[in-house]
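Undergrad:
Residue numbers (UniProt numbering): 1 to 219.
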């Protein structure tokens, strides 16, 4: 296995539906199924969770989604009940092929290459301890190289037409050491819930006159 990558060559991850609580962690590299089971990958599309409770030791430091703006979660985080049971160790986000895939936070590229025929980029997040948090992006045609420093929003590569899970989606993962975590826990509430409050210009409303603050009936 390539260093810094939480996937196994020639194999895909398990299945299920729904989005589990953000606080569950799973050992790396377990519960994977062969591509022959790809028909089992169809699942109900869950809503984007709006919980603002982060996973253990996961700061909500993301500044953007990895693809688009609040993309549909095609498949949620589904930790297995047992170490070798079926599950989904990450989330699948809807995106068009060739869409830019962006770093969600500042860090260093720890891997950029192909594993089992799929393009993978892995980024160690700055200031997240030892071992650091590591985000993984699959399947991506990388435009970065190992050792590159990236900032939030920097393009890591382009989404490939087909990945191990589905066409038209990015598989986004998060690990600390050899433990998988829910990548959605990196997102602060304003990203999960649709964005921060912003002041917009008011159009078509007349400005008050200087004498409009006089008491009613005053000549």
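Using N, Cα and C, we set each Cβ at its ideal position, and we do this for glycine too.
1) In whole angstroms, what is the alpha-carbon distance linking residue 64 and residue 72?
2) Evaluate residue 92 with the Cβ neighbour count: other Cβ atoms within 10 Å of its Cβ, from every protein chain shown; 16 or more gives buried, anything less gives exposed.
3) Using DSSP with H/G/I as helix, E/B as strand and the rest coil, what is residue 93?
4) Tell me, which residues are paired with residue 115 by DSSP?
5) Taking the continuous alpha helix (DSSP H) assigned at residue 192, which residues delimit it?
6) Would you mind working out which of 193, 74, 80, 140 sits nearest residue 103, comparing C-alpha positions?
7) Using 8 angstroms as the threshold, is the C-beta distance between residue 169 and residue 94 below it?
8) Taking residue 75 as part of the beta strand (DSSP E), name the residues at either end of that continuous run.
9) State the Cα-Cα distance for the pair residue 119 and residue 75, rounded to the nearest angstrom.
10) Judging by CA-CA distance, which residue of 125, 167, 69, 166 is the nearest neighbour of residue 147?
TA: Here's the rundown:
1) 14 angstroms
2) buried
3) strand
4) 118
5) 189-192
6) 140
7) yes
8) 73-75
9) 20 angstroms
10) 125
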